[in-house]
Amino acid sequence: MANLRGGLRSGPIEARGRVTGPYVGERRAPRSRSNAQASAVSNLLVNVGVQPIDALMLQLGLRNSDLVHLASDLGLTHKQVAKARRGRRLSLRIQNKIITALNRIPNLGAPIRHEDCFTYLGKASNPRLQEPKEKERGSA
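Each residue of the sequence shown is one higher than the one before, starting from 1046 at the first, in my numbering.
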């Protein structure tokens, strides 16, 4: 980079006493191993693998858009259904919207339960809606 006098910049630019730019040719330091490991752990917490809802929808011949149209009054989006099928963690509220939409399918027979669609229980935004923890169960 050239400075105002036409020469190459060899150090950081100072503006009002602050350093505001990298050195010429300076590269970013590689990510430390601990950051990469933390990223892998957080990835495991977000992705839980392909869910049973995917096989269920394939068996019923449903597309994501079919489910969205069944739940048009619930505010279910294509992106939420796609995340559910791929195994991205969803909130309990979105999981319940998906189950409600599936139960609106005519001539389905037995109602679809949470266990039929998901291998995990979504986190409720309201703590009162979450299942009680082990300690709370024993004391009640």
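Just so it is clear, CB atoms sit at the ideal spot from N, CA and C, and this is done for glycine as well.
All of these numbers come straight from a predicted model, not from anything done at the bench.
Anticipated Cβ contact below 8 Å, residue i with residue j, distance rounded
i     : j     : result
L1166 : L1137 : 7 Å
R1133 : V1091 : 6 Å
N-terminal and C-terminal residue of the alpha helix (DSSP H) that residue i is part of
i     : result
N1092 : That residue, N1092, is in no alpha helix (DSSP H); it is neither H nor E in DSSP.
R1130 : H1123 to R1131
I1139 : L1137 to N1148
P1097 : P1097 to L1105
S1110 : N1109 to L1115
D1118 : Here D1118 belongs to no alpha helix (DSSP H), and DSSP marks it neither H nor E.
Contact set for residue i: own chain, Cβ-Cβ below 6 Å, skip 5 residues either direction
i     : result
N1152 : none
P1156 : N1148
D1099 : R1130
Proximal residues to residue i (C-beta, below 8 Å), its chain only, five neighbours per side dropped
i     : result
Q1125 : L1135, I1139, K1142 and I1143
I1150 : L1105, L1107 and L1115
A1169 : S1136, L1137, R1138 and Q1175
P1097 : D1161, C1162, F1163 and T1164
L1119 : K1142, T1145 and A1146
Member of the options whose CA lies at the smallest distance from the CA of residue i
i     : options                       : result
T1122 : V1113, K1128, I1098 and R1130 : V1113
R1127 : D1118, S1117, S1110 and T1164 : For the sequence presented, residue 1127 should be read as Ala rather than Arg. Nearest C-alpha to A1127: S1110.
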